[in-house]
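Peer 1:
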Amino acid sequence: MTKSTFAMEPLAGGRFLRREVLGSPRRFLGKCRRCKRPLSALVAEIVHTGDRAYGLTDTLAIGYVNGVLEFPCNDCGAWSYVRAVAGKFSAKHVCNAKCLASKSGQCECSCGGRNHGASWAA
Ligand SMILES: [Zn+2]
Ligand SMILES: [Zn+2]
């Protein structure tokens, strides 16, 4: 996994917005608190504004606290938590449909966690 880069942008009132661009987009996975559907998001960037932070996916900005993102369910819209997948690169395990359909938070395969549970993203 490549390293994250940081960039600072000035805000009004002498504060700074800190952008953390993740070296490689990180997969987050969780479960809807209402309908129990698995939820998945690929986050490329985390923005810290000083008193709060949020993760950016292709389509939306979502709340980020201590490594946990708050994310609206794709089906019912209920806000639920998703956590970073603990991905470990393994060239021996070629990424496959099982990885894409996974609901657990751990991955050991050639995608290094990026595709883990990705089928739940839509
Ligand atoms: Zn739901
Ligand atoms: Zn995989």
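Residue numbering for the sequence shown follows this note's numbering, beginning at -10 and increasing consecutively. Cβ coordinates follow ideal geometry from the N, Cα and C atoms, glycine included. Just so we're clear, the structure is a prediction, and the values are computed from it rather than from any experiment.
#1: Ligand 1 and alanine 67: does any heavy atom of the ligand fall closer than 7 Å to the residue's C-beta?
#2: Assess, as a yes-or-no matter, whether the region -1 to 9 is touched by the region 94 to 106 under the definition of 3 or more beta carbon pairs within less than 8 Å.
#3: With DSSP run on the structure shown, which of helix, strand or coil describes lysine 87?
#4: Determine the burial state of tryptophan 68: buried for a count of at least 16 other Cβ atoms within 10 Å of its Cβ, exposed for fewer.
#5: Which residue wins for smallest C-alpha separation from glutamate 59, given the options Pro(-1), Lys77, Met(-3), Leu18?
#6: For cysteine 62, is the beta carbon positioned less than 7 Å from some heavy atom of ligand 2?
#7: Less than 8 Å between the CB atoms is what I'm expecting for valine 32 and glycine 44, so what's the real figure, rounded?
Peer 2: On the basis of the supplied data:
#1: yes
#2: no
#3: helix
#4: exposed
#5: Leu18
#6: no
#7: 4 Å
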